[in-house]
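**Student:** Here the sequence shown is numbered in the working numbering, starting from 1 and rising by one per residue.
Note that beta-carbon positions come from the ideal geometry of N, C-alpha and C, so glycine has one too.
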Amino acid sequence: MPFSDNQLKNNDFSPNVNTAWHPLPQVKVLVKKALMKIGIPKETIPGESRVAAVPEIIKKFCSKGFAVCVEVSAGESAHFADDAYAQAGARLVGTDEALDADLVLKVGLPAPGEIDKMREGSVLCALLDPCRNEEVLARLAGKGVTALAMELIPRTTRAQSMDVLSSQAGIAGYRAVIEAASHYPRFFPMMMTSAGAARPAKFIVLGAGVAGLQAIATARRLGCDVEAFDVRPAVREEIQSLGAKFIELDIGETGAGEGGYAKELSEEGKKRQQAALTEYLKKANVIVSTALIPCRDAPVLVTEEAVKGLAEGSVVIDLAAGFGGNCPSSKPDQVVVEHGVTIIGHTNYPAMVPGDASAFYARNLFNLVSILVEEKEGALSWKDFTEDDISAAATVTRGKKVVYAKP
């Protein structure tokens, strides 16, 4: 040792010539590297009450090594208080700082002014509806923002935990049934009382994707007599497993497309389908229509003639109202009455359940972001998005170019 016992006892720290001098071990000084910054701005689209991250997920981002900035009151409409974000580890900031981040997480489409405030080289994850928003994609590319459209997450087993369309469509299917119940002038379930009996509502669901299946399940729980139709024969078992009857219509072709989605029918097939449905729908009290075709106008299923054939007081919920509509009589974000039938065209049902919708969406985003980054030398950095099938499929702008090809 460098000092003798007597020296230590007497606090004498002069060099001891009788012992070898041992220099103190070198200490490696760690230089703290700048953290990758995530920005959570407040949504600007009218009626959008969701938020891209909830306090539970903020904690996970922080523990992963991100610095998170949340715009003041970003979660207010979804009932997540600023204090909850601060306690989870986020820093509360203004709009400009939330957008000036390495990674910006949003629910809806960014406004032009928001894009202008984003950093060149930053990454944006949001619901971008790339088929219908070419100008937004061009603006993002011009700014040098790499954008990922959450709608394009592939429907694969590995990507299930990131599948925003499924998580939000399930909420839409549930909330659509609740909306129908609030407008239907009778009971949904069978009711037996001393004053008489009420028969269960005849409930028909058109389209058995995630939203349609959730609508079936919810209507069944509320006591309705449920039937469902889909152009994809493969979903028959799923419909029946929920206790609903599968409607068989002979239209001469199927609409089974790639990736589990429906494809557009031929013109002749559309006419046969409309004619068969118009007759069949006459017995319905409530219709929830959920049919969509990627990057195409929604197919017309509930014609004006079909609406005329419904009993007065019936309800039609058109979940496709924002994409052309399954019912030509529906109007986006309006409730109209035609021929005594209430037709509801709300376009954002998940925003009516903002707490859970935000929580589901935030988990989807966290799971996606987790495969986009890697740790190198104590700091997070971006992976090559083209090397992963999930990020490659979702990327719509990269390197100041629009890389999305409309199908």
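For a test of the three-state rule: what should DSSP assign to Ser161, helix, strand or coil?
**Tutor:** Stepping through the sequence shown from its first residue, residue 161 is reached at position 161. Helix, per DSSP.
**Student:** On the criterion of 16 or more Cβ atoms from any shown chain inside 10 Å, does Gly325 qualify as buried, or is it exposed?
**Tutor:** As a first step, residue 325 is located in the sequence shown; it is residue number 325 there, counting from the start. It is buried - the Cβ of Gly325 has at least 16 other Cβ atoms within 10 Å.
**Student:** Measuring alpha carbon to alpha carbon, tell me which of Val54, Glu134, Ala101 ends up nearest Val409.
**Tutor:** No answer is possible for residue 409: the residues shown for the chain start at 1 and end at 407.
**Student:** Quick one, which of Gly113, Cys131, Ala111, Gly144 has its alpha-carbon nearest Val123's?
**Tutor:** Residue numbering aside, residue 123 sits at position 123 when the sequence shown is read from its first letter. Comparing Cα positions, the closest option is Gly144.
**Student:** Could you tell me which whole alpha helix (DSSP H) segments of length 4 or greater appear in the region 223 to 251?
**Tutor:** Correct list: 236 to 241.
**Student:** For the beta strand (DSSP E) that Glu338 lies in, which residues bound it at each end?
**Tutor:** What you label residue 338 is simply residue 338 of the sequence shown in a count that begins at 1. Here the beta strand (DSSP E) through Glu338 covers 335 to 338.
**Student:** Looking at the strands, I want to know which residues DSSP matches up with Cys69.
**Tutor:** Position 69 of the sequence shown holds residue 69. Note: Cys69 sits in a beta bridge opposite Gly39, Arg91.
**Student:** Regarding Tyr85 and the ligand ADP, is the C-beta to nearest heavy atom distance less than 7 Å?
**Tutor:** Within the structure as shown, the ligand ADP is missing, as the structure has no ligands at all.
**Student:** Under 8 Å Cβ to Cβ from Ala138, same chain only, skipping five residues before and after it: list those, please.
**Tutor:** Locating residue 138 in the sequence shown gives position 138, counting from the first residue. Val402.
**Student:** Is there contact here, the region 139 to 159 with the region 187 to 194, by at least three beta-carbon pairs under 8 Å?
**Tutor:** No, the region 139 to 159 does not touch the region 187 to 194.
**Student:** For Ala141, which option in Gln160, Glu151, Arg119, Arg132 has the closest C-alpha, if you only look at C-alpha atoms?
**Tutor:** Counted from its first residue, the sequence shown places residue 141 at position 141. When only C-alpha atoms are compared, the closest one is Arg119.
**Student:** For Ser381, name the three-state secondary structure that DSSP assigns.
**Tutor:** Position 381 of the sequence shown, counted from the start, is the residue given in the question as residue 381. Residue state, collapsed to three classes: strand.
**Student:** Just to confirm before moving on: does the CB-CB distance between Glu338 and Val288 stay below 8 Å?
**Tutor:** The residue labelled residue 338 in the question sits at position 338 within the sequence shown. The residue labelled residue 288 in the question sits at position 288 within the sequence shown. Not in contact: Glu338 and Val288 (Cβ atoms no closer than 8 Å).
**Student:** Give, in chain order, every unbroken run of the alpha helix (DSSP H) that is at least 4 residues long and sits entirely within the region 283 to 321.
**Tutor:** Listed in chain order, they are 304 to 308.
**Student:** Select from Phe366, Asn348, Thr397, Gly378 the residue whose C-alpha is nearest the C-alpha of Ile45.
**Tutor:** By 1-based counting over the sequence shown, the position of residue 45 is 45. Measuring from the Cα of Ile45, the nearest candidate turns out to be Asn348.
**Student:** Measuring straight from C-alpha to C-alpha, what distance separates Glu97 and Glu71?
**Tutor:** As a working mapping, residue 97 is identified with position 97 in the sequence shown. As a working mapping, residue 71 is identified with position 71 in the sequence shown. So the alpha carbons of these two residues sit roughly 8 Å apart.
**Student:** Measure from the alpha carbon of Gly269 to the alpha carbon of each residue in Asp297, Thr397, Leu301, then state which is nearest.
**Tutor:** What you label residue 269 is simply residue 269 of the sequence shown in a count that begins at 1. Out of Asp297, Thr397, Leu301, Leu301 has the C-alpha closest to the C-alpha of Gly269.
**Student:** Would DSSP call Phe187 helix, strand or coil?
**Tutor:** Sequence index remark: in the sequence shown, residue 187 carries index 187 (1-based). Phe187: coil per DSSP, three-state reduction.
**Student:** Using beta-carbon positions only, say whether Ile38 and Leu103 come within less than 8 Å of one another.
**Tutor:** Looking up residue 38 in the sequence shown gives position 38. Looking up residue 103 in the sequence shown gives position 103. Contact flag set, yes.
**Student:** Does DSSP put Trp21 in a helix, in a strand, or in coil?
**Tutor:** Counting from 1 along the sequence shown, the entry for residue 21 is found at position 21. With a pLDDT of 46 at Trp21, under the threshold of 50, the modelled position of this residue cannot be trusted, and the question is left open.
**Student:** So, is Glu227 buried or exposed, given that buried needs 16 or more other C-beta atoms within 10 angstroms?
**Tutor:** For the purposes of this step, residue 227 is identified with residue 227 of the sequence shown, where counting begins at 1. Buried: at least 16 other Cβ atoms inside 10 Å.
**Student:** Contact defined as beta carbons within less than 8 Å: I believe Ala88 pairs with Pro41. What is the distance between those atoms, to the nearest angstrom?
**Tutor:** Reading the sequence shown from its first residue, position 88 is the one you call residue 88. Reading the sequence shown from its first residue, position 41 is the one you call residue 41. About 17 Å; that fails the 8 Å criterion.
**Student:** Within its chain, find whatever has a CB closer than 7 Å to the CB of Ala86; leave out the 5 residues flanking it on each side and keep chain order.
**Tutor:** Here residue 86 corresponds to residue number 86 of the sequence shown, with the count starting at 1. Leu92, listed in sequence order.
**Student:** Under 8 Å, with one C-beta from each stretch per pair, do the region 343 to 362 and the region 168 to 183 reach the 3-pair mark?
**Tutor:** The region 343 to 362 is in contact with the region 168 to 183.
**Student:** Please say whether Ala147 and Val396 have beta carbons closer to each other than 8 Å?
**Tutor:** Within the sequence shown, numbered from 1, the residue matching residue 396 stands at position 396. Within the sequence shown, numbered from 1, the residue matching residue 147 stands at position 147. Contact: yes.
**Student:** Under 7 Å Cβ to Cβ from Ala78, same chain only, skipping five residues before and after it: list those, please.
**Tutor:** Your numbering for residue 78 matches position 78 in the sequence shown. Hits under 7 Å: Ser49, Arg50, Val51, Pro354, Gly355, Ser358.
**Student:** Hey, could you find the ends of the alpha helix (DSSP H) Cys62 is sitting in?
**Tutor:** Position 62 of the sequence shown, counting from 1, holds the residue named residue 62. Run containing Cys62: 55 to 63, per the alpha helix (DSSP H) assignment.
**Student:** Any idea if Pro407 is buried or exposed, counting beta-carbon neighbours within 10 angstroms, 16 or more meaning buried?
**Tutor:** Sequence index remark: in the sequence shown, residue 407 carries index 407 (1-based). With fewer than 16 other Cβ atoms within 10 Å, it is exposed.
**Student:** Which class does Leu148 belong to by DSSP, given the choice of helix, strand or coil?
**Tutor:** As a working note, residue 148 is residue 148 in the sequence shown. If DSSP states are grouped into helix, strand and coil, Leu148 belongs with the strands.
**Student:** Tell me which residues share the same chain as Ser266 and place their Cβ nearer than 8 Å to its Cβ, disregarding the 5 neighbours each side in the sequence.
**Tutor:** One-based indexing of the sequence shown puts residue 266 at position 266. Correct list, in chain order: Glu253.
**Student:** Helix, strand or coil for Ala126, going by three-state DSSP, please let me know.
**Tutor:** Here residue 126 is taken as the residue at index 126 of the sequence shown, counted from 1. In this structure, Ala126 counts as strand in the three-state DSSP scheme.
**Student:** For a test of the three-state rule: what should DSSP assign to Ile343, helix, strand or coil?
**Tutor:** Working through the sequence shown from its first residue, we reach residue 343 at position 343. Of the three classes helix, strand and coil, the one that applies to Ile343 here is strand, per DSSP.
**Student:** Can you tell me which of the three DSSP states Val402 falls into?
**Tutor:** Your numbering for residue 402 matches position 402 in the sequence shown. Strand, per DSSP.
**Student:** Counting C-beta neighbours from all protein chains within 10 Å, is the total for Ile178 16 or more, i.e. buried, or is it exposed?
**Tutor:** Taking the first residue of the sequence shown as 1, we reach residue 178 at position 178. So Ile178 counts as exposed.
**Student:** Let me know the secondary structure DSSP gives Phe366 once reduced to three states.
**Tutor:** The residue you call residue 366 lines up with position 366 of the sequence shown. The answer is helix: DSSP assigns Phe366 an H, G or I state.
**Student:** Would you grab the beta carbon distance between Val341 and Ser314 for me? Rounded to a whole angstrom, and I think it's under 8 Å.
**Tutor:** For the purposes of this step, residue 341 is taken as residue 341 along the sequence shown, with counting starting at 1. For the purposes of this step, residue 314 is taken as residue 314 along the sequence shown, with counting starting at 1. With a Cβ gap of about 5 Å, Val341 and Ser314 count as contacting.
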